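Undergrad: Residue numbers (our numbering), protein chains in the order written: chain P, 221 to 332; chain U, 2 to 115.
In this text, a Cβ means the ideal position worked out from N, Cα and C, and glycines have one as well.
For clarity, every value in this text was computed on a predicted model and none was experimentally measured.
One structure follows; several queries about it will come next.
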């Protein structure tokens with residue numbers, strides 16, 4: 221089955237700096253790649269997603285890039301703010317199943 | 002528009018007991034998926050229900066089961082609880098089944114097995 225690896229496990233940045241989280245996947249059948257943010261005591265919240273027919277997608281301070289050949293995708297957060305502090309998960313989903321394979325998570329700490 | 006609602010939020014059970022968790026999807030959503038989240042194993046897929054039928058199943062023992070009702074609400078049952086079943090159980094809903102669907106998560110049910 222699919223295997224998603226996520227790095228780094230923890231990331232500490234200064235407010236205003238950029239943060240980058242990287243994920244790799246193994247199954248070429250995966251074609252949908254969402255990113256979730258999980259705050260303490262809450263469920264994961266979708267922040268951005270990308271499909272395999274797109275190389276890059278941006279939404280204000282957040283962007284995601286996808287390299288299908290290398291089977292990796294990355295989350296970029298610019299101008300980080302303290303409220304960006306949370307755990308971020310990447311996921312991969314095969315084209316015919318409503319099933320997500322999640323990365324192990326990245327704990328992002330934005331220092332004021 | 003109400004989000005995904007999971008009840009109860011917290012549960013404490015003892016080994017050997019059974020438990021039932023409930024999930025109400027976003028109105029109009031017909032697919033409900035369940036995930037287990039633990040510090041050691043992360044987020045793992047349990048199963049998906051669509052139109053009252055189980056569509057996909059993860060690698061969990063038969064003690065974990067679920068069902069979906071005609072109004073798309075879903076329940077998950079764990080029988081003969083073990084200490085290792087302590088986890089946050091998350092429910093996610095989406096419009097339909099098949100791949101590439103956005104899934105919206107509830108806040109989860111925190112299960113503690115003593």
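#1: Keeping to the same chain, check which residues put their C-beta closer than 7 Å to that of residue 82/U; ignore five residues upstream and five downstream.
#2: Sort 59/U, 91/U and 106/U by Cα distance to residue 112/U and report the nearest one.
#3: Does the Cβ of residue 103/U have 16 or more other Cβ atoms within 10 Å, making it buried, or fewer, making it exposed?
#4: Can you name the residues of chain P whose CB is closer than 8 Å to the CB of residue 105/U?
#5: Is there at least one Cβ from chain P nearer than 7 Å to residue 49/U's Cβ?
#6: What are the residues that DSSP puts in a beta bridge with residue 49/U?
#7: How big is the Cα-Cα spacing for residue 60/U and residue 332/P?
#8: Could you compute how far the alpha carbon of residue 278/P sits from the alpha carbon of residue 231/P?
#9: Say whether chain A places a C-beta atom closer than 7 Å to the C-beta of residue 78/U.
#10: In three-state DSSP terms, what is residue 254/P?
#11: Are the C-beta atoms of residue 3/U and some chain P residue less than 7 Å apart?
#12: Please state whether DSSP places residue 264/P in a helix, a strand or coil.
#13: When the cut-off is 7 Å and only beta carbons count, does residue 46/U lie next to chain P?
#14: Would you mind stating whether residue 307/P and residue 288/P have Cβ atoms separated by less than 7 Å?
#15: Return the residues of the region 230 to 264 of chain P that lie within a Cβ-Cβ distance of less than 8 Å from chain U, sorted by chain order.
#16: For residue 110/U versus residue 32/U, is the C-beta spacing smaller than 7 Å?
#17: With distances taken from CA atoms, which of 272/P, 268/P and 261/P is nearest residue 295/P?
#18: Helix, strand or coil: how does DSSP classify residue 85/U here?
#19: Report back the beta-carbon spacing between residue 321/P and residue 222/P to the nearest angstrom; my notes put them in contact at under 8 Å.
#20: Can you list, in chain order, the residues of its chain whose CB lies under 6 Å from that of residue 368/P, leaving out five sequence neighbours each side?
TA: The structure says:
#1: One-based indexing of the second chain puts residue 82/U at position 81. Contacts found: 14, 16, 17, 18, 19, 20 and 114.
#2: Taking the second chain and counting its residues from 1, the one referred to as residue 112/U is at position 111. If we check each option's Cα against that of residue 112/U, 91/U comes out closest.
#3: Sequence index remark: in the second chain, residue 103/U carries index 102 (1-based). Per the 10 Å Cβ criterion, exposed.
#4: Indexing the second chain from 1 puts residue 105/U at position 104. Simply 266.
#5: Within the second chain, residue 49/U is the residue found at index 48, counting from 1. Yes, residue 49/U lies at the interface with chain P (some Cβ there is under 7 Å from its Cβ).
#6: Working through the second chain from its first residue, we reach residue 49/U at position 48. 34/U and 57/U, per the DSSP bridge assignment.
#7: Numbered from 1 along the second chain, position 59 holds the residue referred to as residue 60/U. Numbered from 1 along the first chain, position 112 holds the residue referred to as residue 332/P. Approximately 42 Å between the Cα atoms of the pair.
#8: Working through the first chain from its first residue, we reach residue 278/P at position 58. Working through the first chain from its first residue, we reach residue 231/P at position 11. Approximately 21 Å between the Cα atoms of the pair.
#9: The structure shown contains no chain A; its protein chains are P and U.
#10: For the purposes of this step, residue 254/P is taken as residue 34 along the first chain, with counting starting at 1. When secondary structure is reduced to three states using DSSP, residue 254/P falls in the strand class.
#11: For the purposes of this step, residue 3/U is taken as residue 2 along the second chain, with counting starting at 1. No, no contact with chain P.
#12: On the first chain, position 44 is the one that residue 264/P refers to. If DSSP states are grouped into helix, strand and coil, residue 264/P belongs with coil.
#13: Counted from its first residue, the second chain places residue 46/U at position 45. Yes - at least one Cβ of chain P is within 7 Å of the one on residue 46/U.
#14: Locating residue 307/P in the first chain gives position 87, where the first residue counts as 1. Locating residue 288/P in the first chain gives position 68, where the first residue counts as 1. Not a contact, by the Cβ cut-off of 7 Å.
#15: Within the region 230 to 264 of chain P, the qualifying residues are 251, 252, 254, 256, 261, 262, 263 and 264.
#16: Against the second chain, residue 110/U aligns to sequence position 109. Against the second chain, residue 32/U aligns to sequence position 31. Not a contact, by the Cβ cut-off of 7 Å.
#17: Position 75 of the first chain holds residue 295/P. Answer by Cα proximity: 268/P.
#18: Position 84 of the second chain, counted from the start, is the residue given in the question as residue 85/U. Note: residue 85/U maps to helix in three-state DSSP.
#19: Locating residue 321/P in the first chain gives position 101, where the first residue counts as 1. Locating residue 222/P in the first chain gives position 2, where the first residue counts as 1. The Cβ separation is near 4 Å, so the contact holds.
#20: A query on residue 368/P cannot be resolved here, the shown segment of chain P reaching from 221 to 332 and no further.
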